[in-house]
DNA sequence: TTAACAATGTTAAATTTTTAACACTTTTAC
DNA sequence: GTAAAAGTGTTAAAAATTTAACATTGTTAA
């Protein structure tokens, strides 16, 4: 398998999420159109994505849920696992930790960072909170590869710089301030306001039709 | 102006965010390549988007920040404003409220909902918290158009149904459980785990190159 | 005053992504 | 046992999105 399209990568992760839910319910097989319905896409797209990763289902029975989960794991997970840090233990940071707790074995949030002395030294949902001063040290000691930024907007740029200097390889920026990273560091930015504005826009559009 | 591409809508919102920051700094004009740098895209794309909305800058001086902010507002904002509710006043819900407070005049979070009696009746960052039982009533009374779901995963499906029944026109689902809505309701889903997995994937990819 | 430069605006090409079309195969129904 | 139905897998077409190419025009500098 050569290069998977960007969008396929995103969808594979979503398929797995859906498949894990099916597994919980005791479903052993699933059709492409069932996955499609859950994800609000077409069954063709599902089949095409699965073709790209070389998975082949059973004709007339659909895909084996367990097998497919494993295969997707082989593709998107990193074998040795990846450790993640959260910078900013405010509401959003804590939400992420709770939300994430124990969900993916190959992707673990192992450290939180904050500037608030009341938080430093405590553990939140199993994640120890360190001082931001210790960032470099902890990142190195734990071999943390990915950082999630949930700090106040005004600290965004500085935090990104700190992460880069600490040797982080991927940053997920939940701050409303875009940041810059050098070549070799993967950056993903997400602004909740933008998303909300998009929803509002399409609501407006629908009404004026 | 006919139909703006989906992606252009998203970017317009992002441009505005960047432009507002520039305005704060006292910048009156901005070049396409400056906007591009902030957003990590190309200047061609910026110019193309602005062409689509019919805005024309000053040659050699760039775009007028204020004018462009206003124009983008005319396009994506709804004139009379849109009211938003948050369902689930946990960490994520509260994070969104704080994060959003007073940021956009045309888009206001006017109500929160929860099942926890300790929260109901209180105000959080200026947003009153109601019982989920009152959803329909409050949505109707306030003419709330958009709902943001930040409830625990297990309540996702039921909450979506409630929102639809209450007459909500747009749903932003931050729950990891996909939901379904009827025709006429705009749905946007976002799963933080998927995003994190994507970051992790590209970090892994970069390392194995 | 005129040549070089640096920006915008726009058309055309390239790329990416999605959708359609359809061949193939098992299961089901009679 | 055979036809119809209901799936998968894949190639081809279409649509959406991005990028390139370039014409145009103020501005600057010699």
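Protein chains in written order, with our numbering: chain A, 945 to 1153; chain B, 945 to 1153. Ideal Cβ placement from N, Cα and C applies to all residues, glycine included.
C-beta contact flag for residue i and residue j at 7 Å
i: residue 973 of chain A; j: residue 1005 of chain A; result: yes
i: residue 1147 of chain A; j: residue 1142 of chain B; result: no
i: residue 1016 of chain B; j: residue 960 of chain B; result: yes
i: residue 1107 of chain A; j: residue 1128 of chain A; result: no
i: residue 1121 of chain B; j: residue 1097 of chain B; result: yes
i: residue 1110 of chain B; j: residue 1079 of chain B; result: yes
i: residue 1057 of chain A; j: residue 1088 of chain A; result: no
i: residue 1082 of chain A; j: residue 1074 of chain A; result: yes
Residue nearest to residue i in terms of C-alpha spacing, selected from the options
i: residue 1140 of chain A; options: B:1105, B:1151, B:1022 and B:1061; result: B:1022
i: residue 1061 of chain B; options: B:1034, B:1053, B:993 and B:1048; result: B:1034
i: residue 1135 of chain B; options: A:952, A:1059 and A:957; result: A:957
i: residue 1119 of chain A; options: A:1101, A:1110 and A:1128; result: A:1101
i: residue 980 of chain B; options: B:1104, B:1048, B:992 and B:1080; result: B:992
i: residue 1027 of chain B; options: B:967, B:1042, B:1064 and B:1053; result: B:1053
i: residue 1049 of chain B; options: A:1137, A:983, A:1003 and A:1152; result: A:1137
i: residue 952 of chain A; options: B:1145, B:1152 and B:1151; result: B:1145
i: residue 954 of chain A; options: A:1020, A:1151, A:1099 and A:1032; result: A:1020
i: residue 939 of chain A; options: A:1151, A:1150 and A:975; result: Outside the modelled stretch of chain A, which goes from 945 to 1153, sits residue 939 of chain A, for which no answer is possible.
i: residue 1152 of chain A; options: B:1149, B:986 and B:1024; result: B:1024
i: residue 995 of chain A; options: A:1099, A:984, A:1036 and A:949; result: A:949
i: residue 1149 of chain A; options: B:1085, B:1043 and B:1018; result: B:1018
Same chain, Cβ closer than 6 Å to residue i, five either side skipped, listed in chain order
i: residue 1131 of chain A; result: 1115 and 1125
i: residue 1051 of chain B; result: 1026
i: residue 1071 of chain B; result: 1041, 1053 and 1056
i: residue 1063 of chain A; result: 1033 and 1073
i: residue 1059 of chain B; result: 1076
Cutoff 8 Å; reference residue i; Cβ partners in own chain excluding five residues on either side
i: residue 1038 of chain A; result: 1068 and 1069
i: residue 1013 of chain A; result: 960, 963, 964 and 967
i: residue 999 of chain B; result: 1007, 1011, 1012 and 1015
i: residue 985 of chain A; result: 955
i: residue 989 of chain B; result: 955 and 980
i: residue 1036 of chain B; result: 1094 and 1118
Collapsed DSSP secondary structure at residue i in the structure displayed
i: residue 1075 of chain A; result: strand
i: residue 951 of chain B; result: helix
i: residue 1065 of chain A; result: coil
i: residue 1018 of chain B; result: helix
i: residue 1004 of chain B; result: coil
i: residue 1105 of chain B; result: helix
i: residue 997 of chain B; result: coil
i: residue 1084 of chain A; result: helix
i: residue 1090 of chain B; result: strand
i: residue 1123 of chain A; result: coil
i: residue 1027 of chain B; result: strand
i: residue 1048 of chain A; result: coil
i: residue 1010 of chain A; result: helix
Residue range of the beta strand (DSSP E) that includes residue i
i: residue 971 of chain B; result: Segment: none, residue 971 of chain B is in no beta strand (DSSP E) and carries neither H nor E.
i: residue 1032 of chain B; result: That residue, residue 1032 of chain B, is in no beta strand (DSSP E); it is neither H nor E in DSSP.
i: residue 1099 of chain A; result: Per DSSP, residue 1099 of chain A belongs to no beta strand (DSSP E) and is neither H nor E.
i: residue 1055 of chain A; result: 1051-1058
i: residue 1133 of chain B; result: 1130-1133
Other residues of its chain near residue i: CB distance less than 7 Å, five sequence neighbours each side excluded
i: residue 1040 of chain B; result: 1030, 1092 and 1094
i: residue 1133 of chain B; result: 1117 and 1122
i: residue 982 of chain B; result: 962
i: residue 987 of chain B; result: 976, 977 and 980
i: residue 1066 of chain A; result: 1073
Range of the contiguous alpha helix (DSSP H) that encloses residue i
i: residue 1114 of chain A; result: Where residue 1114 of chain A is concerned, there is no enclosing alpha helix (DSSP H), although the beta strand (DSSP E) it sits in stretches over 1114-1117.
i: residue 980 of chain B; result: 976-983
i: residue 1148 of chain A; result: 1136-1151
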